[in-house]
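Notes to accompany the following structure.
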Amino acid sequence: MFPIPIQKRPLINRISYKILVPVSLFVWLIPLIGIMLTSIRGLGDITAGNYWGIPSEFLLFSNIKDVFQNTPMLSYIINSFKITIPTVIGAVAISCMTGFALASYKFKANLFIFFTFIAGNFVPFQILMIPVRDLTFQMGLYDTVTGLVLFHVAFQTGFCTLFMRNFIKALPNELFEAARIDGTSEFNIFLKIVVPLTRPAIAALSVLIFTFIWNDFFWATVLIQGQHAMPITAGLKSLNGQWVTVYHLLSAGSIIAAVPPVIMFFLMQKHFIAGLTLGASKG
Amino acid sequence: MGWFSTTPFLNVPNSIQITYRKSSWWKLNQQRLTPWIFLFPGLLLFLVYVIWPIFNSLYISLLQWDGLSPAIYVGLSNYIELLDDEYFYISLMNNLKWLILFMLAVPIGLGLAIFLNQTIFGIRLIKSLFFFPFVISQVVIGIIFSWFYNPRGVIGPFLDKLGLSNYAILADENFATYGIIFAGIYPQIAYCMILYLTGLNNLNTDQIEAGRMDGAKGFSLFKNIILPQLKPATFLAIVVTVIGSLRSFDMVAIMTQGGPYGSTNVLAYYMFETALSEYGYRMGYGSAIAAVLFTIMMFYILFFIYRMYQSEKKGL
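Residue numbers (this note's numbering), protein chains in the order written: chain A, 1 to 283; chain B, 284 to 599.
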C-alpha cells in the first residue's frame, strides 16, 4: 500500500484526513456547485447578485421547463442520442472485427495497419476538417445525422481497434487453436469464442465512446448547420450566444446536457475506468 | 465480375469435384484471407475518413481556394504568408502556453491520487466525484467557467473583496488565455488522477514492503520505488495531456472565440476561423495552419508509436 494506510497513522492524522477530504472535495467542485446553485435560482437572485447565498426561490424545475419550452433543447437531446447510439454500435462492431483480425492472425502488414489505426487516432481534427466536410457534402450528407455518424464511426475505429486488439491479444491463444483443430471455421471462432469473451471490453468501449461522442462539439460544428440535426453541445453553444445574461437558464441547460454521460458514468463506473486505463498496463 | 459468374457453367460436368476443390481452396486459404475480410469495413472507413483527408489537406494547403470557385495552385505561398502572420505567432505561442501549463495536470493528478488512495468510508464515491469534471462536456465546462469568471457572476463577490471589482479575466488580453487554460486543465487533472489511482492500485506490495524494511521512507521511497512502478501510468498521462493541450478548440470556441483581439487564439481555433467562419473561406490558408499543427502532433505520435513498437517487439 502506498501511501501508508491512514488507519496506521496517529489519531491526529486520521482526524485531520477525515476533515481534509471533504473540504478538498468541496473546493474541487466549487465550479460545479456554482452552476448547480445558479440553475435553481430565479432571475431576481441573478440580477440582485445573490450567487452564493441561499436561493430566494427554488426554481430548478421551472428553469428546466423554461429551457424546454423556449428553446429547441428537446430536439437537441434527441439528436444527441440519434448521433451517439448508432456511433457506439457501429464503432464497437467494426472494431471487434478489426481487433480480432489484428490480434490473432500473423500477416506481413499486421503491425503496419495496427500502427496506422493508432496514429490516425491522435491526428488533430483540423487536418481532417476540410476534406471530410467536402466529402460529406459530395455524398449529400452535410447537415444530416447520418453524415456525422459515419465520420464518428470511422474516426473512433482507430481508438476502438487499439483497445479491442490489445484485449483479444491477451486472451489465451490455445482457445482459438483448439477450436481450429476441432474444425471450427474462422467466422465461428469470431462469433462463438471471441465475441462472448470480449464482453467486458465491449462494455468498457461502449461507455467511453458514448461519452466521447455525446461531448463532441467540433464535428457537430463542422458537419451540422441546422437545428434539425444539431446535438446538445452545439445547441448549448448557440444558446450561450443568445443568453448572455440569462445564466440561470443556461445553467439549467448545461446540467441537462451533462446528465446522460454522468448517469452513464455512475452506472458503468467500473467499465468506464477500465476503458480509460486499460492502455496504462500496456504502455 | 462477368467472367467470374460464367465459370461454373463451363465446369458443369465436374460440378461435384469443383465444389469440393473450391471448398478446399477456401480451407487452404481461410487463415490467410479471414483477417482481410474482418479488416475490410474498418479499414475502408478509416482510409476514406482519416488517412486520405490528411494527404488531401496537405495538398489543399498548396492551393488558393474558397471552397466554391476553382482552386488555383500557389505552391508554398500559404506557408510563406504564415511566416508574416501576427495571429499565427500569437496562436503558436498560446499553444505553447497550453502545452507547458497543461503538463501541470500530471503532477497535480498524481498528488490527488496519492491523497485519495486510502480506504475510508465513502472513498469510492469521493473518488468518482473528483473524477466528475472529466465526464462532462468541455462545452459545459467552458460555460461554467465563463460564468465563474464573469465579474457579475460567481466570482464577483470575491473580486469585490480583493478590490478587483469588475475585473473580467476573459476580457483582459494579457491574461485571458490563462483563464481558459485554467478551465481546460480542470478535467485534465481528473483524467491524470484516475490513471494514477489505477497505477497505485496495481503497485507491487512486496517491493514496497522490502523498501520499507531497508529503511526507505517518505520521498525516497516514493522516488526510488513508487515512481518507477508508476511509469506506465505516467507515460499514458503525458500522452493524453499533450494531446489534450493541442485539442484546445472547444474551450476557446466557447469562452472567447479567440478574442479579445485574437489574444486567446490557438492553432486549432485559428484554423477553423480562417477556413470556415465569417472571416472568410480560405481553405488553402486554413489547411496550411492545420499542416503546422499536424506536424507538431506528428512528433508525439511517432514517439508514442515508437514506444508501442518497442513493447510489441518484446511481446513477440
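Using N, Cα and C, we set each Cβ at its ideal position, and we do this for glycine too.
Rounded separation between residue i and residue j - CA only
i, j, result
"W52/A", "T517/B", "38 Å"
"F218/A", "F266/A", "26 Å"
"K514/B", "F2/A", "15 Å"
"A154/A", "F321/B", "15 Å"
"L25/A", "F414/B", "10 Å"
"K596/B", "I373/B", "42 Å"
"I355/B", "M129/A", "20 Å"
"V149/A", "P336/B", "17 Å"
"L162/A", "L205/A", "11 Å"
"I406/B", "I4/A", "16 Å"
"N110/A", "R165/A", "11 Å"
"G467/B", "Q225/A", "26 Å"
"N449/B", "V222/A", "35 Å"
"K237/A", "S80/A", "14 Å"
"F112/A", "Q593/B", "14 Å"
"I363/B", "L345/B", "11 Å"
"R180/A", "T198/A", "19 Å"
"G285/B", "M139/A", "The predicted position of G285/B is uncertain, since its pLDDT is 34 and thus under 50; a value taken from the coordinates is nonetheless stated next. Whole-angstrom Cα-Cα distance: 28 Å."
"F532/B", "F159/A", "20 Å"
"L293/B", "D182/A", "Low confidence applies here, because L293/B scores a pLDDT of 41, under 50, leaving its location unreliable and the question unanswered by this model."
"G120/A", "I526/B", "13 Å"
"P543/B", "M476/B", "33 Å"
"K8/A", "S411/B", "25 Å"
"L276/A", "S307/B", "44 Å"
"F85/A", "L141/A", "Reading off the sequence shown, one finds Ile at residue 85/A, where the question assumed Phe. Each residue's alpha carbon lies about 18 Å from the other."
Residue j beta carbon less than 9 Å from that of residue i
i, j, result
"M264/A", "A203/A", "no"
"S340/B", "I127/A", "yes"
"I391/B", "T116/A", "no"
"L59/A", "H248/A", "yes"
"Y432/B", "I452/B", "yes"
"K169/A", "S95/A", "no"
"Y568/B", "G350/B", "no"
"P55/A", "I77/A", "no"
"Y583/B", "V522/B", "yes"
"P72/A", "G241/A", "no"
"T317/B", "F137/A", "no"
"I409/B", "P22/A", "yes"
"L43/A", "V262/A", "no"
"G147/A", "G439/B", "no"
Simplified DSSP state of residue i, which is helix, strand or coil
i, result
"Y589/B", "helix"
"Y352/B", "Rather than Tyr, the amino acid found at residue 352/B in this sequence is Ser. If DSSP states are grouped into helix, strand and coil, S352/B belongs with coil."
"S429/B", "helix"
"S570/B", "helix"
"I463/B", "helix"
"A109/A", "coil"
"F137/A", "helix"
"F266/A", "helix"
"P124/A", "coil"
"Y671/B", "Since the first residue of chain B shown is 284 and the last is 599, residue 671/B is not available in this structure."
"P434/B", "coil"
"S254/A", "helix"
"G279/A", "With a pLDDT of only 47 at G279/A, under the threshold of 50, the placement of this residue in the model should not be trusted; the figure read from the coordinates follows. In the structure shown, G279/A sits in a helix (DSSP, three-state: H, G or I)."
"Y479/B", "helix"
"F210/A", "helix"
"E456/B", "coil"
"I54/A", "coil"
"I403/B", "coil"
"T157/A", "helix"
"L387/B", "coil"
Contact belief for residue i with residue j at Cβ below 8 Å, rounded distance in angstroms
i, j, result
"F100/A", "V194/A", "5 Å"
"I463/B", "T539/B", "7 Å"
"T98/A", "L326/B", "7 Å"
"I35/A", "S254/A", "6 Å"
"F577/B", "V123/A", "7 Å"
"F338/B", "I572/B", "Going by Cβ atoms, the distance from F338/B to I572/B rounds to 17 Å, so no, they are not a contact pair."
"N601/B", "L330/B", "Outside the displayed range of chain B (284 to 599) lies residue 601/B, so it cannot be described from this structure."
"K82/A", "V145/A", "5 Å"
"T547/B", "N377/B", "7 Å"
"S420/B", "A258/A", "7 Å"
"I209/A", "A91/A", "6 Å"
"Y479/B", "L387/B", "That belief does not hold up - the Cβ atoms of Y479/B and L387/B are roughly 14 Å apart, past 8 Å."
"M580/B", "L529/B", "6 Å"
"I472/B", "L395/B", "7 Å"
"I256/A", "V27/A", "26 Å between Cβ atoms; not a contact."
Opposing strand residues paired with residue i [DSSP bridges]
i, result
"L346/B", "Y356/B"
"S374/B", "In DSSP, S374/B forms no bridge with anything."
Proximal residues, the stretch 253 to 265 of chain A versus chain E, C-beta separation under 9 Å
No chain E appears in this structure, whose protein chains are A and B.
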